[in-house]
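The opening residue of the sequence shown carries number 1 in UniProt numbering; numbering runs sequentially from there.
From the three backbone atoms N, C-alpha and C, an ideal C-beta is built for every residue, glycine too.
Here's the structure, in structure tokens; my notes come after.
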Amino acid sequence: METFSQRLQRFQNNSPVEFIETILNSIHNCRIPKLEIASKNQLSELLILGIHTSIETISENIFLQKGIDGFKFYLENFVDAEKDGFRFSEIAVELNDWRNIIAHQYISKLGHSFGYDYSISTGYNAENSIIILNPQIFFEQFKSAFENKSKTKRHIWDYKQSLTDDQITEAKEKFIAKFKNK
Numbered sequence: 001m002e003t004f005s006q007r008l009q010r011f012q013n014n015s016p017v018e019f020i021e022t023i024l025n026s027i028h029n030c031r032i033p034k035l036e037i038a039s040k041n042q043l044s045e046l047l048i049l050g051i052h053t054s055i056e057t058i059s060e061n062i063f064l065q066k067g068i069d070g071f072k073f074y075l076e077n078f079v080d081a082e083k084d085g086f087r088f089s090e091i092a093v094e095l096n097d098w099r100n101i102i103a104h105q106y107i108s109k110l111g112h113s114f115g116y117d118y119s120i121s122t123g124y125n126a127e128n129s130i131i132i133l134n135p136q137i138f139f140e141q142f143k144s145a146f147e148n149k150s151k152t153k154r155h156i157w158d159y160k161q162s163l164t165d166d167q168i169t170e171a172k173e174k175f176i177a178k179f180k181n182k
């Protein structure tokens, strides 16, 4: 296993691609297979948490976009499809709030206007202030950005198309500082 010092040296001594693709490969090879199990077993809250943490990790560390803005950016580019019920960025605030409820509170007012239905043919339906999410479709859209058959606007491995060289260098510097700190 690679030690902390070895990994730090690898990140410092190589191009930013090294840290970026370490993150992306880790999510693709380690987290997505676990989310597959959660999806197969309809473990909705684990899917929401796993997808959200993956998105936040990528948007904050690679694209330097934090919070709801980073979450929405990622959804627009790497999860959304151009059809009704598949533009998850349109419900980004609600998805983000719901993830926070799951992680920090468990029950809330939002729980009375947000639900799951694995039988709907869209990623979500939003009517009369009620959102019904199909977590399986949400996961499939998220996962597709990592695959060759991407159903999304962008493929995650084409991240360089969304960043300048200066942004990539800045991302590397910020990531290494965080990596060394915790």
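query                                                                                                                                                                              : result
Determine the direct distance from the alpha carbon of ASP97 to that of VAL79, and round the result to whole angstroms.                                                            : 18 Å
For residue 214, collect the residues of the same chain with a Cβ closer than 6 Å to its Cβ; drop the 5 residues on either side in sequence, then sort them by chain order.        : Since the displayed the chain opens at 1 and closes at 182, residue 214 lies outside it and no answer follows.
Hey, how far is the Cα of GLU2 from the Cα of LEU8?                                                                                                                                : 10 Å
Residue range of the alpha helix (DSSP H) that TYR116 falls in?                                                                                                                    : Per DSSP, TYR116 belongs to no alpha helix (DSSP H); it is in the beta strand (DSSP E), 114-116.
By DSSP's criteria, ILE130 is part of a beta bridge. Which residues make up the other side?                                                                                        : GLU127
Kindly list the residues whose CB is nearer than 7 Å to the CB of PHE86, restricted to its own chain and excluding five residues on each side of it in sequence; keep chain order. : ASP80, THR122, GLY123 and GLN141
Near ARG99, what residues of its chain come up, given a Cβ to Cβ distance below 7 Å and the 5 sequence neighbours on each side ignored?                                            : ILE48, LEU49 and HIS52
Taking only three categories from DSSP, how would you classify ASN29?                                                                                                              : helix
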